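Okay, so here's the structure we're looking at.
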Amino acid sequence: MCGIVGWIDAAHKTEEKASILDRMATTLQHRGPDDYQKWIEGPAAFGHQRLIVVDPAGGKQPMIRKARDEEYILCYNGELYNTDDVRDQLKAKGWTFQSHSDTEVVLVSYMEWGPACVDYMNGIFAFSVWEKKRERLFLARDRLGVKPLFYSDRGDGVMFASEMKALLAHPEVSSAVDSNGLHELLSLGPSRTPGEGIFQEINEIRPGHRAVFENGKLKIDRYWNVESAPHEDSFDETVARVRELFMDASQRQLVSDVKLGTFLSGGVDSSAITAVAAEKYKQDQLGALQTFSIDYKDQEKFFKKNAFQPDRDEAFINLVSAQNQTKHSVMEARTEDLVSRLKRAVELRDLPGMADVDSSLLWFCEEIKNHVTVALSGECADEIFGGYPWFYRKEDKERKGFPWIRSLNERVSLVRQDLKRDIDIEWYMLKRYQETVAETPLLAGEDEDSKKHRQMSYLNMNWFMQTLLERKDRMSMGASLEVRVPFSDHRLVEYVWNVPWSMKFHNDQEKGLLRQALRGILPDKVLFRKKNPYPKTFHPDYTKAVCMWMEETLVDPNAPLFDIFDRDQVRKLNDSEGKSIDTPWFGQLMTGPQLIAHLCQIDHWLRTYKVTF
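Per the working numbering, the sequence shown starts with residue 25, numbered consecutively.
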């Protein structure tokens, strides 16, 4: 993977652009530490930070190619999983290639098909193409939004980058946050509305969207979405098709010229990917697959079962590793590993995040990078197959608004009294919720229950999944580790979208359909294990550390946190070590010390980014 940055603007001189572009690109060095190249000519300037995964010599960027009296310049971040298929189609049309990189295939695809090139691609990507003579910029992002792409529309020009920090490094882009951005932070954080950049001058190309900038105008359109249609396959046919699509997606994503491994949590999703990858390694005589899991120091002593985390992962991880003969490494994080990265996690995300759920993943990815450069992970399966409690639990299904934001009262109670005149947390959250529900592609004639399940799936795919994919991208790229997610393959997503809930919830178990499709691939103990989320630490030292951080913030009379939050309410929360609020702030894990750490992260974000309102 890589970091890309670009700037179209006729007003600035070339030498002036060069220094600004370098400054912007440097902020993305963690995404691509292996090489930096730039291209500047006329109104256009592009920078590329490269992490080498395939074809070190042939994949250099920005990539330039001429045809039909036009010169095309590509900046690309991503991985194409049907490279050979697309290359063969292009060869049949007379095109030739100088490398085996997917980068060249992406560029030539645009040269042949123009903006429609994305319809031919299976992969995770965010890229730009500049047509030099025509002076037209094309931007595109993959269907499910695995790879990020932000932009700032300057009226007569446009900037884009893989992360917001690169845009904020431009002297003309401010870190101002308006009322809309403040509502995003308080009503929805750490999630955000698809397309919103929180900062007033920054927006995001949504998943499945593309844009064209030409003649001073930026036009964005949607090239992909799920489409609703009757599901005609029997249950057995559905099981077989899901298995086929999953196997193909996982095998395609094993292509790499550098060392590769898998995340292994002992859950169904990562275990299935590990089993497929290990079998492919055996067939190709590549030796034992490397697998990785995270645990926390003294976790066995302090772990407490709850409705979301009914058991620990260790026994299931060992079972999968032994069955597939993987070379497994358990990375054990200490409290100081988590606490020391809470600030860095904010800086990688450019926004307050999910506390130690982020910082632990960052540390984990740093440890994995000591062994491999590419890893496969199990994200997206729960959103696509219905793995979360809110898909089937009555009280969650009937809750007003997003089921993973149950903390509405708590959010309101922590905000300063004088801000409540201008900020309506409930109204904004429900507004964004209703917008997505209204956007859901429905099937005419379906009963009310089927309609509700489609809406729930669409909400999860566009919101909860995006939050987790953003987390995985920023934390992994923060460690210069490329992470791939086979369950985001759009062919699998398109097929499962129309499968009725009665099939997805087979045997009254979450992801029942997926479990049936994986029979024979996983041992039954893993296959029918109750879902466990990403593990968090239960160590009391973590609670003490974040409470101490908050105490330092509370005694600072100039702490920007208290421009938004009520100091007395936050003090009460901290004095109780987070126990005064027992409802998760977001998702399933952000309670107690995680919430305190999240508030500390907000303070760090306000200070570091010099946010103004």
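By construction, the Cβ of each residue, glycine as well, lies at the ideal position given by its N, Cα and C atoms.
Predicted model only: the values in this text are computed from it and were never measured.
Neighbourhood of Q61 by C-beta, 8 Å cutoff - its chain only, sequence neighbours within 5 removed: Within the same chain, Q61 has close Cβ partners G71, H72, R74, K84, Q85 and P86.
Classify S384 as helix, strand or coil using the three-state DSSP reduction. The answer is helix: DSSP assigns S384 an H, G or I state.
Secondary structure of L284, DSSP reduced to three states: Strand.
Starting from L161, trace the beta strand (DSSP E) both ways and give me its first and last residue. First-last of the beta strand (DSSP E) with L161: R160 to R165.
Taking the C-alpha atoms as reference points, what is the distance between N7 and D180? Nothing about residue 7 can be reported from this structure: the residues present for the chain run from 25 to 637 only.
For K157, which three-state DSSP category applies? In the structure shown, K157 sits in coil (DSSP, three-state: anything other than H, G, I, E or B).
Per the DSSP calculation, Q73 is bridged to which residue(s)? DSSP links Q73 through a beta bridge to G27 and Y60.
Tell me the DSSP secondary structure of K84 in three-state form. Assignment of K84 by DSSP, reduced to helix, strand and coil, places it in the coil class.
Give me whichever residues DSSP pairs with Q540 in a beta bridge. Answer is none; Q540 lacks a bridge partner.
Where does the unbroken alpha helix (DSSP H) through T577 begin, and where does it stop? DSSP places T577 in the uninterrupted alpha helix (DSSP H) bounded by P564 to L578.
DSSP-derived helix/strand/coil call for M118: Per the sequence presented here, residue 118 reads as Gly, with Met not at that position. Correct three-state label for G118: coil.
Rounded to whole angstroms, what is the Cα-Cα separation between T460 and L454? Distance between the alpha carbons of T460 and L454: 10 Å.
Report the option in R417, E450 and F415 whose CA atom is closest to the CA atom of I432. According to the sequence provided, residue 432 is Leu. The question's Ile does not apply to it. Closest by alpha carbon: E450.
Grouping DSSP H, G and I as helix and E and B as strand, with all else coil, what is K421? In this structure, K421 counts as helix in the three-state DSSP scheme.
Taking one C-beta from the region 599-608 and one from the region 616-629 each time, how about it: are there three or more such pairs within less than 8 Å? Contact holds: three or more Cβ-Cβ distances are below 8 Å.
With a Cβ-Cβ cutoff of 9 Å, do I545 and A299 count as a contact? Yes, these two residues count as a Cβ contact at 9 Å.
Any chance you could list the beta strand (DSSP E) runs of at least 3 consecutive residues sitting entirely within the region 209-269, in chain order? Fully enclosed beta strand (DSSP E) runs of 3 or longer: 233-238 and 241-246.
Identity of the residue in A369, L466 and M527 nearest M480 by Cα: Minimum Cα distance to M480 is reached at L466.
Per DSSP, what kind of secondary structure is D177 in: helix, strand or coil? Three-state DSSP puts D177 in a strand.
T21 vs A569 beta-carbon contact at 9 Å: For residue 21 there is no data in the structure shown, the boundaries of the chain being 25 and 637.
Leaving out five residues before and five after Y412 in sequence, what residues of the same chain have Cβ atoms less than 6 Å from its Cβ? D406, listed in sequence order.
Are the Cβ atoms of G639 and P214 separated by less than 9 Å? This structure gives no information on residue 639, because the portion of the chain shown stretches from 25 to 637.
What separation, rounded to the nearest whole angstrom, lies between the Cα atoms of F340 and D293? Note on geometry: alpha-carbon atoms of F340 and D293 lie some 12 Å from one another.
Can you have a look at D587 and say buried or exposed, based on whether 16 or more other CB atoms are within 10 angstroms of its CB? Around the beta-carbon of D587, fewer than 16 other beta-carbon atoms lie within 10 Å, marking it exposed.
Which residue spans inside the region 444-523 form an unbroken alpha helix (DSSP H) run of at least 4? The region 444-523 contains these whole alpha helix (DSSP H) runs: 449-463, 472-483, 489-502 and 514-521.
Helix, strand or coil: how does DSSP classify K351 here? Three-state result, K351: strand.
Would you identify the three-state DSSP class for L313, choosing helix, strand or coil? Correct three-state label for L313: coil.
Under a Cβ-count criterion, where at least 16 other Cβ atoms within 10 Å of its own Cβ denotes burial, should P67 be classed as buried or exposed? Answer is buried; the Cβ neighbour count reaches 16.
Who are the Cβ neighbours of V507 in its own chain at under 6 Å, not counting the five residues just before and after it? Closer than 6 Å at the Cβ level, and outside the excluded window around V507, lie A399, S401, K496 and S500.
May I ask you to report which of helix, strand or coil DSSP gives R111? Residue state, collapsed to three classes: helix.
Continuous beta strand (DSSP E) stretch holding G205: start and end: Per DSSP, G205 belongs to no beta strand (DSSP E); it is in the alpha helix (DSSP H), S203 to H207.
Closest by C-alpha distance to N204, when choosing among D446, E268 and Y320: Among D446, E268 and Y320, the Cα nearest to that of N204 belongs to D446.
Using the C-alpha atoms, what's the distance from Y457 back to L52? Going from the Cα of L52 to the Cα of Y457 covers about 32 Å.
Taking 9 Å as the threshold (C-beta atoms), are A541 and F270 in contact? Yes, they are a contact pair.
For I620, the three-state DSSP class (helix, strand or coil): Of the three classes helix, strand and coil, the one that applies to I620 here is helix, per DSSP.
Is the separation between the beta-carbon of S186 and that of V29 shorter than 9 Å? Taking C-beta atoms as the reference points, S186 and V29 count as a pair closer than 9 Å.
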